[in-house]
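In the working numbering, the protein residues as written are 2 to 457.
Note that beta-carbon positions come from the ideal geometry of N, C-alpha and C, so glycine has one too.
No experiment lies behind these values; they were computed from the predicted model shown.
To start, the structure itself, in structure tokens.
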């Protein structure tokens, strides 16, 4: 029994030793497997770092390529912009030159048209004034002719009536002749005064006409200079000019009407005076034929004097008209010279304004080009910043993935180790169970085959 226990103990020790050796081998195998797994993880890390480094190098090369292509594209775009600017500047210059030519042509046409219109208006105005003046002179001549005819007729009738009356009333002739002479002298004086008034009236009207014509020329000159100063004669000014001309025409018509009315009053006054004179002559009982003859002779002298004064007045009026025409021609020539100077000044100012506008356009183009260049540079910097942030974000993501991979590898390794420990525990329990079964089986066998000393 004691030997059996000792043998069982030896077998159990042997099993424990074998189990320890097996556990050592198994642990050595696990350590070797762990080292091999760590070597594989290290190789994987090295390959991943090499791939990240290659990716960075490739990204840098791609970025350099993109930046170079962007620079070439920017250079092409800038050259295209400069070419377009030159073409646009040339088109703007041509347009300005064409516009200046068209504007000058319009101004010249407007000036020629205005000159023709003004010349036509002056010619029409002179023709109308001349017609009015002729009409006035003719109308003035008709009352004078009628009055003279009436006076001659009255004179003949008075001579016949006086001759018959004188034949009947000879004894009162002397006193009546003196009285008649006084009346005739009064009539001659009145006739001289009326003739002077009639002569003065056309002369005054001619002076007023000349003054009005000069005032109208000065007013027209001022209005033309004002129109040139305002650069354009607009339709409102033309309309106002037409209204002024219509108003002036109405005013002239009104003046003509008033003049006609005054002439009618003068004619009525003359007719009344002749009628009164005729009545006075009818109520005169005696007239001296010598006084009548003296009256005829005096009337002829007065008529000759009036004709001479009329001729002198006509000569003066013609000289005045020639002088006024010279003054008007000088004023028109000065006006044309002034308009030409003002037009030249306006054209020079327009050229200076165009030059300033071109310089401003070039300056604006340079400023815009600088702004575009700055914008491109800022966009490039912003693009680089975004690309760098993207690279940093990718690097963080890769590091996060590596960390996750490490964590997963650690968990897998722990799981493998735990599984290995469980498997070892199961195997150890299986070995213990087998050992127990073998011990029981050996014990039974030994018990059956054992020979006690009493049986020997």
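A distance below 7 Å separates the beta carbons of residue 97 and residue 355. Residue 421 is positioned such that its CB atom lies closer than 7 Å to that of residue 31. Taking the Cα of residue 227 as reference, the smallest distance to any Cα among 121, 316, 343 and 318 is reached at 343. With contacts defined as CB atoms closer than 7 Å, residue 409 and residue 53 fail to qualify as a contacting pair.
Under the three-pair Cβ rule at 8 Å, the region 359-377 counts as touching the region 82-96. Nearest to residue 34 by C-alpha distance, out of 318, 375 and 418, is 418. With a beta-carbon spacing of about 7 Å, residue 381 and residue 71 fall inside the 8 Å limit used to define contacts.
Inter-residue distance for residue 386 and residue 415 is about 42 Å (C-alpha atoms, whole angstroms). The alpha-carbon separation between residue 431 and residue 48 amounts to approximately 43 Å. Between the C-alpha atoms of residue 348 and residue 81 there is a straight-line separation of about 35 Å. When only Cα atoms are considered, residue 60 and residue 43 end up about 25 Å apart.
Straight across, the Cα-Cα distance linking residue 101 with residue 107 is about 10 Å. Between the region 5-22 and the region 424-441 there are three or more inter-stretch CB-CB distances shorter than 8 Å, so the stretches are counted as touching. Judged by their CB atoms, residue 105 and residue 377 are not nearer to each other than the 7 Å cut-off.
Put simply, the backbone Cα of residue 369 is about 20 Å away from that of residue 73. Taking C-beta separations shorter than 8 Å and ignoring five residues to either side along the sequence, residue 309 has no partners in its chain. Taking C-beta separations shorter than 6 Å and ignoring five residues to either side along the sequence, residue 94 has no partners in its chain. The C-beta of residue 8 has fewer than 16 other C-beta atoms within 10 Å across all chains shown, which makes the residue exposed. Straight through space, the alpha carbons of residue 395 and residue 404 are spaced by roughly 14 Å. Distances from the CA of residue 99 to each of 424, 367, 383 and 352 were compared; the closest alpha carbon is that of 352.
A straight line joining the alpha-carbon of residue 305 with that of residue 126 spans about 34 Å.
When the Cα atoms are used, residue 384 and residue 367 turn out to be separated by approximately 25 Å.
Under a 10 Å Cβ-count criterion, residue 159 is classified as buried, with 16 or more other Cβ atoms of the shown protein chains found around its own Cβ. When only Cα atoms are considered, residue 423 and residue 23 end up about 16 Å apart. The alpha-carbon separation between residue 25 and residue 425 amounts to approximately 12 Å. Spanning the alpha carbons of residue 434 and residue 444 requires a straight line of approximately 15 Å.
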